[in-house]
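Single-structure report; data block below.
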Amino acid sequence: MPYFDSLTQKFSEGDADALLAFGRHLHWGYWSDPTKADGSIADFAIAAENLSRLITDVAQIQHGLSILDVGCGFGGTIASLNERFFNMNLVGININNEQLLRAERTVHALPNNHINFLKADACQLPFPDDSFDVVLAVESIFAFSSREHFFREARRILHLGGRLTICDFIPIQAFYRTWKLIEKATKTLVVRTYGSRPVNFCPLIEYKQLAKATGFKLVKTENITRNTARLRENR
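Each residue of the sequence shown is one higher than the one before, starting from 4 at the first, in our numbering.
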């Protein structure tokens, strides 16, 4: 059974560990001091929330904004924003029906906020031009069919001065060259394991070129590899 399907089955069976670890967030965790990670499920859940908060802090999110989370998973980042800010228009999109259903069941707008979850393709965003202040993609862009199409769509729907903030796995050049050699076989394995689109990696230099070509100005990059190291060690 694909990984994400097995998660929803565990949730339905009341698996407390699965619910704590992945019931809110599907992405990796962030430890400001990775030496203090204790390897527990509770610690990982906190770290996963911290990663969402880090991304939204980098995006300079504040009260009263319109935010789109692309590849929203179970709605964890939307839930975090809902709890921390007010007068927000929060929209999460995904192509996975089960994930969207869970998001709709578990994430409810607090007073003065508005939340909507939609099934939509990241490369064909169903929104008018100039609709959002911030677009987020938290560990999801590697599954999009085209980064360029997504960037162009994000640019189209953002207000003037709006921000696109991404968390992605960026390969070093040596790994990227190896990956390209085995990409076809590895993509097949990923689809069988996760039941989703193949993973597509993009080096930082190509991100910079893509940003320039699609009308974005690169403001900040941050390498958080060391802050996720304990996750890799403990899994």
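All C-beta atoms, glycine included, are put in the ideal place defined by N, C-alpha and C. In this text the structure is predicted, and so the values were computed from the model without any measurement.
Residue i in three-state terms, based on DSSP
{"i": "Ser83", "result": "helix"}
{"i": "Val141", "result": "strand"}
{"i": "Asn119", "result": "strand"}
{"i": "Ile28", "result": "The question names Ile, but residue 28 in the sequence shown is His. Looking at His28 - three-state DSSP - the assignment turns out to be coil, as it is neither helix nor strand."}
{"i": "Pro114", "result": "coil"}
{"i": "Lys215", "result": "helix"}
{"i": "Tyr33", "result": "coil"}
{"i": "Gln12", "result": "helix"}
{"i": "Ile208", "result": "helix"}
{"i": "Val61", "result": "helix"}
{"i": "His66", "result": "coil"}
Bridge partners - residue i, DSSP secondary structure assignment
{"i": "Val73", "result": "Ile96"}
{"i": "Thr168", "result": "Leu139"}
{"i": "Leu161", "result": "Phe135"}
Whole-angstrom distance between residue j and residue i, CA atom to CA atom
{"i": "Leu71", "j": "Thr38", "result": "33 Å"}
{"i": "Phe46", "j": "Ser15", "result": "Per the sequence shown, the amino acid found at residue 46 is Asp instead of Phe. Taking the straight line joining both Cα atoms gives about 23 Å."}
{"i": "Gly78", "j": "His111", "result": "10 Å"}
{"i": "Ser55", "j": "Arg159", "result": "24 Å"}
{"i": "Gly251", "j": "Arg27", "result": "Because the chain here runs from 4 to 238, residue 251 falls outside it and cannot be looked at."}
{"i": "Ala125", "j": "Ser148", "result": "8 Å"}
{"i": "Ala24", "j": "Lys13", "result": "12 Å"}
{"i": "Val73", "j": "Asp41", "result": "31 Å"}
{"i": "Tyr29", "j": "Phe219", "result": "A quick correction: the sequence has Leu, not Tyr, at residue 29. Their Cα atoms are separated by approximately 27 Å."}
{"i": "Glu101", "j": "Gly95", "result": "14 Å"}
{"i": "Thr228", "j": "Leu103", "result": "29 Å"}
{"i": "Met91", "j": "Pro114", "result": "10 Å"}
Nearest-angstrom beta carbon gap, residue j and residue i [assumed within contact, 8 Å]
{"i": "Asn203", "j": "Phe145", "result": "6 Å"}
{"i": "Gly32", "j": "Ala51", "result": "5 Å"}
{"i": "Val141", "j": "Arg166", "result": "About 14 Å; that fails the 8 Å criterion."}
Environment of residue i [buried if 16+ CB atoms lie within 10 Å]
{"i": "Ala82", "result": "buried"}
{"i": "Ala216", "result": "exposed"}
{"i": "Val222", "result": "exposed"}
{"i": "His66", "result": "exposed"}
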